[in-house]
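Undergrad: Chains as they are written, first to last, in this note's numbering: chain A, 16 to 370; chain B, 16 to 370.
One structure coming up, written as structure tokens, with questions to follow.
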């Protein structure tokens with residue numbers, strides 16, 4: 016690509032920022048341009064360790080990244096509690112916003128981010144990598160196929176990992192002042208997105224959290240699950256946890272087909288990912304599952320960055336409007352996150368989900 | 016095996032009786048001896064089509080099978096609503112009882128069956144084939160292994176099949192007067208047994224049915240699901256249905272390992288069955304799943320018959336007492352079935368499970 020790549024500034028040096036720095040390097044229409052941290056030395060070290068070019072700008076704070084006129088877009092991996100402030104500021108400074116998930120502490124906060132992005136005409140996207148893997152497009156084909164899959168009846172999703180003692184004491188994801196949504200916002204986000212994806216982004220009517228979620232002493236969710244209900248007997252369940260072995264699973268049942276993926280949020284291998292389907296009708300016919308393999312040159316997070324930069328480029332160059340789809344998906348996911356949290360707080364009553 | 020095989024009488028000519036007739040033929044310590052149906056001609060046809068020896072007794076009713084002094088054991092595939100009467104009668108006639116699942120319409124009925132079996136000293140076993148597959152023993156080793164699996168945290172199980180229009184209008188499993196427990200008793204039984212198996216048969220404290228089960232016009236469950244809770248954040252969920260594509264799934268999450276089986280209740284192939292495990296600790300280490308294959312000479316239902324006949328033989332020959340384990344597993348499964356049904360009937364409130 017000979018055109019000028021989109022120049023990224025990164026706010027903060029979180030672990031996930033390492034993954035995204037590499038993704039920006041791998042993305043053909045993107046380039047690492049600046050990094051800001053509350054500590055200049057930390058930012059410098061981060062840039063050195065993560066392949067930033069020698070010309071990259073190193074800032075000892077976040078605001079200087081936003082004030083740099085050559086930064087096109089920012090990637091914001093800050094703790095969730097800081098998203099409102101910094102995503103809004105970024106939009107106001109005319110920077111396009113690639114924001115880590117969960118996008119906000121609740122949908123009211125996210126609506127302020129949306130407004131800032133819309134008023135300022137900047138592109139928004141959240142950091143849900145797997146949406147951009149070509150495998151996802153292939154799986155979408157399957158669940159949309161009335162002959163192979165039929166109508167979706169139910170989907171179950173799991174995302175858990177065993178955080179371990181150090182994580183459970185120290186990680187920002189278990190601190191109420193930082194990532195107050197805990198496992199629900201971190202890994203539950205992926206489960207909810209998978210469920211919405213399977214339902215072609217139709218919101219459930221009601222959400223009922225499972226009794227007995229595990230909270231830490233400060234009230235942050237370490238493990239929870241929920242039941243989601245649509246009309247006509249369509250349902251979903253999910254389980255998210257920091258307390259059990261790494262499992263990243265999705266099983267979707269249609270009237271005539273079944274889809275299974277065991278690494279939906281992040282494939283075991285970067286260049287090759289698989290999923291399994293079974294299509295059949297009736298009780299007695301039994302067919303072996305079909306194993307589908309999808310190859311890709313770019314890791315999914317680099318595909319995400321590439322798509323984001325493509326959208327930014329067309330706004331910058333062509334006067335296109337921002338693609339609103341990504342805001343919509345983020346908002347629906349956040350609405351369900353909020354409903355699960357509300358159900359937990361309301362004694363596991365069913366909560367209506369209203370767009 | 017040169018010893019006299021256990022002589023089976025079969026009550027009724029249900030579809031599943033074809034599978035069990037073959038299993039009895041394949042089982043080295045068992046033999047087909049008699050069949051009874053309300054129609055003599057139907058019984059005769061069944062015997063001819065299912066490999067009964069020419070000497071087999073054909074009866075035009077059930078009671079004559081029980082009155083035949085040469086019948087050692089009966090297999091009872093009658094509709095659930097008839098289990099109480101015929102299992103009790105069989106026990107009273109000193110016949111050992113292999114009873115199809117669900118074992119009864121409720122645990123109160125089952126307790127009468129238990130009492131009849133205990134008073135008459137006959138062996139009882141229900142027809143949950145997969146308990147007897149050698150794969151199950153290998154999976155038990157895995158979930159019992161604190162190094163590879165750790166402590167069980169949660170398990171999700173699915174058993175569904177798309178019954179189709181004819182099934183949904185005509186099958187005994189959708190008739191309130193015959194198999195009143197519908198999908199819950201038929202396929203939900205397997206999910207509940209899988210969950211109890213993973214928890215080493217510890218009963219859950221509470222059961223909460225999911226809202227919005229699908230019932231037919233006569234109130235029989237066509238689809239439902241439930242959440243089960245133990246102490247210390249241990250949970251399970253299941254989904255059972257006559258309305259979506261054949262899916263027979265179990266995913267168990269331990270603190271350091273995960274078990275997945277995609278055909279737990281009946282393997283895709285008779286002589287070879289597989290399961291998948293992942294064992295790892297922590298957040299960043301990622302290992303590929305291990306695929307385990309277990310081969311067997313006998314299909315699982317023939318292994319079941321063989322084990323049942325072995326127990327019967329040792330009672331007959333050696334004066335052993337009946338093995339009480341199988342009654343216990345049936346009763347626990349039925350208790351959970353009853354609790355799910357009670358929760359559905361009580362507006363999806365949590366129901367305490369009491370042994």
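Just so you know, even glycine gets a beta-carbon here, dropped at the ideal spot from N, CA and C.
I'd like to know whether the C-beta atoms of residue 253(A) and residue 187(A) end up nearer to each other than 8 Å.
TA: One-based indexing of the first chain puts residue 253(A) at position 238. One-based indexing of the first chain puts residue 187(A) at position 172. For residue 253(A) and residue 187(A), no; Cβs fall outside 8 Å.
Undergrad: What is the rounded straight-line gap between the Cα of residue 274(A) and the Cα of residue 350(A)?
TA: Your numbering for residue 274(A) matches position 259 in the first chain. Your numbering for residue 350(A) matches position 335 in the first chain. Cα to Cα, the separation comes out at about 25 Å.
Undergrad: Under 8 Å, do residue 240(B) and residue 262(A) count as touching if we go by C-beta distance?
TA: In the second chain, the residue the question calls residue 240(B) occupies position 225. In the first chain, the residue the question calls residue 262(A) occupies position 247. Not in contact: residue 240(B) and residue 262(A) (Cβ atoms no closer than 8 Å).
Undergrad: Using the C-alpha atoms, what's the distance from residue 234(B) back to residue 341(B)?
TA: Within the second chain, the letter at position 326 stands for residue 341(B). Within the second chain, the letter at position 219 stands for residue 234(B). Those two C-alpha atoms are separated by around 31 Å.
Undergrad: Considering Cα atoms alone, identify which of 189(A), 223(A) and 370(A) is closest to residue 229(A).
TA: Locating residue 229(A) in the first chain gives position 214, where the first residue counts as 1. Out of 189(A), 223(A) and 370(A), 189(A) has the C-alpha closest to the C-alpha of residue 229(A).
Undergrad: Shortest alpha-carbon distance to residue 318(B) belongs to which of 281(B), 59(B) and 169(B)?
TA: Counting from one through the second chain, the residue named residue 318(B) turns up at place 303. 281(B) is the residue among 281(B), 59(B) and 169(B) whose C-alpha sits nearest the C-alpha of residue 318(B).
Undergrad: Excluding the five sequence neighbours on either side, which residues of its own chain have a C-beta within less than 6 Å of the C-beta of residue 175(A), listed in chain order?
TA: Position 160 of the first chain holds residue 175(A). Answer for residue 175(A): 256, 259 and 262, listed in chain order.
Undergrad: Could you tell me which residues DSSP puts in a beta bridge with residue 244(B)?
TA: Here residue 244(B) refers to the residue found at position 229 when the second chain is read from its first residue. In DSSP, residue 244(B) forms a bridge with 221(B) and 250(B).
Undergrad: Among 220(A), 243(A) and 179(A), which has the Cα closest to the Cα of residue 237(A)?
TA: Counting from one through the first chain, the residue named residue 237(A) turns up at place 222. Out of 220(A), 243(A) and 179(A), 179(A) has the C-alpha closest to the C-alpha of residue 237(A).
Undergrad: What's the C-alpha gap between residue 46(B) and residue 330(B)?
TA: For the purposes of this step, residue 46(B) is identified with residue 31 of the second chain, where counting begins at 1. For the purposes of this step, residue 330(B) is identified with residue 315 of the second chain, where counting begins at 1. Whole-angstrom Cα-Cα distance: 17 Å.
Undergrad: When you compare the CB of residue 266(B) with every CB in chain A, is at least one pair closer than 8 Å?
TA: Residue numbering aside, residue 266(B) sits at position 251 when the second chain is read from its first letter. Yes, its Cβ sits closer than 8 Å to a Cβ of chain A.
Undergrad: Using CA atoms only, rank isn't needed, just tell me which of 353(B), 292(B) and 105(B) is closest to residue 267(B).
TA: Numbered from its first residue, the second chain carries residue 267(B) at position 252. Minimum Cα distance to residue 267(B) is reached at 292(B).
Undergrad: On the criterion of 16 or more Cβ atoms from any shown chain inside 10 Å, does residue 123(A) qualify as buried, or is it exposed?
TA: Here residue 123(A) refers to the residue found at position 108 when the first chain is read from its first residue. Result: exposed.
Undergrad: Jot down the residue ranges of each uninterrupted alpha helix (DSSP H) in the region 161-189 of chain B, minimum 4 residues, whole runs only, in chain order.
TA: 179-185
Undergrad: Could you give the DSSP three-state label for residue 380(B): helix, strand or coil?
TA: Here chain B has residues from 16 to 370 only, and residue 380(B) is not among them.
Undergrad: So the candidates are 270(B), 72(B) and 133(B); which of them puts its Cα closest to the Cα of residue 165(B)?
TA: To locate residue 165(B), count along the second chain from 1; it is residue 150. Nearest C-alpha to residue 165(B): 270(B).
Undergrad: Looking at chain A, is there any beta carbon in it that lies within less than 8 Å of the beta carbon of residue 256(B)?
TA: The residue given as residue 256(B) occupies position 241 in the second chain. Taking Cβ atoms only, chain A reaches closer than 8 Å to residue 256(B), which makes this a yes.
Undergrad: Using a Cβ cut-off of 7 Å, pull out every chain B residue sitting near residue 259(A), in sequence order please.
TA: Here the question's residue 259(A) lines up with position 244 in the first chain. Result: 168, 169, 268, 269 and 270.
Undergrad: For residue 203(A), which three-state DSSP category applies?
TA: The sequence position of residue 203(A) within the first chain is 188, counting from 1. It is helical.
Undergrad: Express the C-alpha separation of residue 83(A) and residue 199(A) in angstroms, rounding to a whole number.
TA: Locating residue 199(A) in the first chain gives position 184, counting from the first residue. Locating residue 83(A) in the first chain gives position 68, counting from the first residue. Answer to the nearest angstrom: the Cα atoms are 35 Å apart.
Undergrad: With DSSP collapsed to three states, give me the class of residue 108(A).
TA: By one-based count along the first chain, residue 108(A) stands at place 93. Correct three-state label for residue 108(A): coil.
Undergrad: Please list, in chain order, the chain A residues whose beta carbon lies closer than 9 Å to that of residue 321(B).
TA: Sequence index remark: in the second chain, residue 321(B) carries index 306 (1-based). None at all; the shortest Cβ gap to chain A is about 24 Å.
Undergrad: May I ask you to list the residues that DSSP assigns as paired with residue 367(A)?
TA: For this step, residue 367(A) is matched to residue 352 along the first chain. According to DSSP, which records beta bridges pairwise, residue 367(A) is partnered with 221(A).
Undergrad: Alpha helix (DSSP H) containing residue 318(B): first to last residue?
TA: Translated into the one-based positions of the second chain, residue 318(B) becomes position 303. From DSSP, the alpha helix (DSSP H) with residue 318(B) extends over 315-333.
Undergrad: Below 7 Å CB to CB, which residues in the same chain sit around residue 362(A) once its five sequence neighbours on both sides are set aside?
TA: Here residue 362(A) corresponds to residue number 347 of the first chain, with the count starting at 1. Once the five neighbours on either side are set aside, residue 362(A) has no close Cβ partner at all.
Undergrad: For residue 48(A), decide whether its Cβ has a neighbour in chain B, counting only Cβ atoms nearer than 8 Å.
TA: Looking up residue 48(A) in the first chain gives position 33. Judged by the 8 Å Cβ criterion, residue 48(A) is not in contact with chain B.
Undergrad: May I ask you to report which of helix, strand or coil DSSP gives residue 197(B)?
TA: Within the second chain, residue 197(B) is the residue found at index 182, counting from 1. Residue state, collapsed to three classes: helix.
Undergrad: Using DSSP's beta-bridge definition, name the partner residues of residue 275(B).
TA: Translated into positions along the second chain, residue 275(B) becomes position 260. DSSP lists 266(B) and 291(B) as the bridge partner or partners of residue 275(B).
Undergrad: Would residue 177(A) pass as an interface residue toward chain B - the criterion being a Cβ-Cβ separation below 8 Å?
TA: As a working mapping, residue 177(A) is identified with position 162 in the first chain. For residue 177(A), the answer is yes, since a Cβ of chain B falls inside 8 Å of its Cβ.
Undergrad: Any beta carbon of chain A sitting closer than 8 Å to that of residue 183(B)?
TA: Numbered from 1 along the second chain, position 168 holds the residue referred to as residue 183(B). So no, residue 183(B) is outside the interface.
Undergrad: For a contact defined as C-beta to C-beta under 7 Å, what are the partners of residue 365(A) on chain B?
TA: Start at 1 with the first residue of the first chain, and residue 365(A) comes out as number 350. Those within 7 Å of residue 365(A) in chain B are 226.
Undergrad: Counting C-beta neighbours from all protein chains within 10 Å, is the total for residue 158(B) 16 or more, i.e. buried, or is it exposed?
TA: What you label residue 158(B) is simply residue 143 of the second chain in a count that begins at 1. So residue 158(B) counts as buried.
Undergrad: Verify the CB distance criterion: does residue 100(A) have a CB-CB separation below 8 Å to chain B?
TA: In the first chain, counting from the first residue as 1, residue 100(A) sits at position 85. With 8 Å as the cut-off, residue 100(A) does not count as an interface residue toward chain B.
Undergrad: By Cβ distance, which residues of its chain are closer than 6 Å to residue 39(B), with the 5 residues on each side in sequence left out?
TA: Sequence index remark: in the second chain, residue 39(B) carries index 24 (1-based). Correct list, in chain order: 23, 45, 47 and 320.
Undergrad: Less than 8 Å between CB atoms is the rule here; does residue 205(A) satisfy it with respect to chain B?
TA: In the first chain, the residue the question calls residue 205(A) occupies position 190. No, no contact with chain B.
Undergrad: Give a yes or no on contact between the region 90-99 of chain B and the region 59-66 of chain B, applying the rule of three or more CB pairs nearer than 8 Å.
TA: no
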